[in-house]
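So the structure is just underneath, and the comments pick up after that.
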Amino acid sequence: MYGDLRDYLSIHEAVKQSAPDFVFHLAAQSYPKTSFDSPLDTLETNVQGTANVLEALRKNNIDAITHVCASSEVFGRVPREKLPIDEECTFHPASPYAISKVGTDLIGRYYAEAYNMTVMTTRMFTHTGPRRGDVFAESTFAKQIAMIERGLIPPVVKTGNLDSLRTFADVRDAVRAYYMLVTVNPIPGAYYNIGGTYSCTVGQMLDTLISMSTSKDVIRVETDPERLRPIDADLQVPNTRKFEAVTGWKPEISFEKTMEDLLNYWRARISAGEKFLTR
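Numbering (full-length UniProt numbering), first residue to last: 1 to 279.
Given below as structure tokens:
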């Protein structure tokens, strides 16, 4: 079945053919750094694409329970006194990606209110684990470390901003949260912050990965200017009490387990002889 978020007719036909009971709308241009280089593509894919999905459901008269995935990036540059970030915190997006996710968030809530559709919106904070794309910090760090262990690159991990504070969740906990969102107590128009419980800087996260490496005694860290964002959302710590109260969800997988599994994922791929860019 073909579908392109930017092509309404293809989405309309895909929705018509599949007649879904549940929709998880996670598709997006999801890398903030890329959005600075390609803002128009990011906005078209994420904002128009979300409208296309919801309009296709409406036009096909399909009353699916729908999850629209926004992002914690909508909050952007939050003052420290506002931590932890709750659902009513003011949006202050710090990238074209974040701006696009503000649009995604508001479109989802609009369709619930205006058309009485069962649409719920989430702002998931940092989540990671095995299979995480290597354009994201923790995954490229793990990949670089695994390549260093195999002698494929010099013992230098290249980084961007290491000072940003993040709260990490495991992707497996995140998927469980999404499932509970649509099955436990779906509330039309509801919007929730979701995230883990372990907070640290990106630099401390890297230190954890390095401490797990067989090459930890020789690895050096080097800032790569190409990996720095023009503006960074540097405080990302969620208040998740609202979502937990409605669904009963809580994260179960520890930060250390997540990092270990992520590193082992890259070790396995590299040991299998796969070739990668060294980003």
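The C-beta atom is built at its ideal place from N, Cα and C for all residues, glycine as well.
For the candidate residues E55, A98, I99, E81, whose alpha-carbon lies nearest to that of A112? Counted from its first residue, the sequence shown places residue 112 at position 112. Nearest option by C-alpha distance: E55.
State the Cα-Cα distance for the pair V119 and S35, rounded to the nearest angstrom. For the purposes of this step, residue 119 is taken as the residue at position 119 of the sequence shown. For the purposes of this step, residue 35 is taken as the residue at position 35 of the sequence shown. Answer to the nearest angstrom: the Cα atoms are 26 Å apart.
For L235, which three-state DSSP category applies? Sequence index remark: in the sequence shown, residue 235 carries index 235 (1-based). In the three-state scheme derived from DSSP, where H, G and I count as helix and E and B as strand, L235 is classed as strand.
Identify the residues that DSSP records as bridge partners of D145: which are they? As a working mapping, residue 145 is identified with position 145 in the sequence shown. Position check: residue 145 holds Ile in this sequence, whereas Asp was assumed. Answer by DSSP bridge pairing: none, since I145 is not bridged.
Work out the CA separation of D173 and T258 for me, nearest whole Å. Numbered from its first residue, the sequence shown carries residue 258 at position 258. Numbered from its first residue, the sequence shown carries residue 173 at position 173. When rounded, the distance between both Cα atoms is 10 Å.
Helix, strand or coil for E138? Go by DSSP, reduced to three states. One-based indexing of the sequence shown puts residue 138 at position 138. Helix, per DSSP.
Between P93, W249, K216, which has its C-alpha nearest I148's C-alpha? For the purposes of this step, residue 148 is taken as residue 148 along the sequence shown, with counting starting at 1. Among P93, W249, K216, the Cα nearest to that of I148 is on K216.
Taking DSSP as the reference, what is the three-state secondary structure of N52? Within the sequence shown, the letter at position 52 stands for residue 52. N52 falls in the helix class under three-state DSSP.
Is there contact between the stretch 201-214 and the stretch 57-70, where contact requires at least three CB pairs shorter than 8 Å? no
For N61 and A114, I'd like the C-alpha separation in whole angstroms. For the purposes of this step, residue 61 is identified with residue 61 of the sequence shown, where counting begins at 1. For the purposes of this step, residue 114 is identified with residue 114 of the sequence shown, where counting begins at 1. When rounded, the separation of the alpha-carbon atoms in N61 and A114 is 14 Å.
Taking the alpha carbon of I85 as the reference point, which residue from S164, T240, G273, F255 has its own alpha carbon closest? Here residue 85 is taken as the residue at index 85 of the sequence shown, counted from 1. Among S164, T240, G273, F255, the Cα nearest to that of I85 belongs to T240.
Could you tell me the boundaries of the beta strand (DSSP E) in which R123 lies? Within the sequence shown, residue 123 is the residue found at index 123, counting from 1. 119-124 is the extent of the beta strand (DSSP E) around R123.
In this structure, does DSSP put D170 in helix, strand or coil? Taking the first residue of the sequence shown as 1, we reach residue 170 at position 170. Three-state result, D170: strand.
Return yes when the Cβ of E73 is within less than 9 Å of the Cβ of D170, no when it is not. Looking up residue 170 in the sequence shown gives position 170. Looking up residue 73 in the sequence shown gives position 73. No; because the gap between Cβ atoms is not below 9 Å, this pair is not in contact.
Own chain residues within Cβ distance below 6 Å of H12, not counting five before or after: In the sequence shown, residue 12 corresponds to position 12, counting from 1. If we look at H12 and ignore the five residues flanking it on each side, its Cβ neighbours are A56.
Given I107, which residues of its chain have a CB within under 8 Å of its CB, disregarding the five upstream and five downstream residues? As a first step, residue 107 must be located in the sequence shown, where it is residue number 107. In the same chain as I107, and ignoring 5 residues on each side of it, the C-beta atoms closer than 8 Å to its own belong to V47, T50, A51, L54, V68, in chain order.
Per the contact definition of three or more C-beta pairs closer than 8 Å, is the stretch 90-98 in contact with the stretch 227-244? yes
Residues that DSSP places opposite V221 in a beta bridge: In the sequence shown, residue 221 corresponds to position 221, counting from 1. Answer is V157.
Mind pulling the beta strand (DSSP E) runs of 3 or more residues that sit fully within the stretch 55-120? The qualifying runs are 65-69.
Same chain, Cβ closer than 8 Å to D224, neighbours up to 5 away in sequence not counted: Position 224 of the sequence shown, counting from 1, holds the residue named residue 224. Answer for D224: K158, T159, G160, listed in chain order.
Please report the distance separating the alpha-carbon of A137 from that of V202. Counting from one through the sequence shown, the residue named residue 137 turns up at place 137. Counting from one through the sequence shown, the residue named residue 202 turns up at place 202. Those two C-alpha atoms are separated by around 8 Å.
Among all the DSSP beta bridges, which residues are the ones paired with T128? To locate residue 128, count along the sequence shown from 1; it is residue 128. BP columns for T128 point to D170.
Does the distance from the C-beta atom of Y192 to that of K242 stay below 9 Å? Here residue 192 corresponds to residue number 192 of the sequence shown, with the count starting at 1. Here residue 242 corresponds to residue number 242 of the sequence shown, with the count starting at 1. Pairing Y192 with K242 gives a Cβ-Cβ distance under 9 Å.
Could you check what DSSP says for T45 in three-state terms: helix, strand or coil? For the purposes of this step, residue 45 is taken as residue 45 along the sequence shown, with counting starting at 1. The answer is helix: DSSP assigns T45 an H, G or I state.
What residue range does the beta strand (DSSP E) around V23 cover? As a first step, residue 23 must be located in the sequence shown, where it is residue number 23. Its beta strand (DSSP E) spans residues 22-25.
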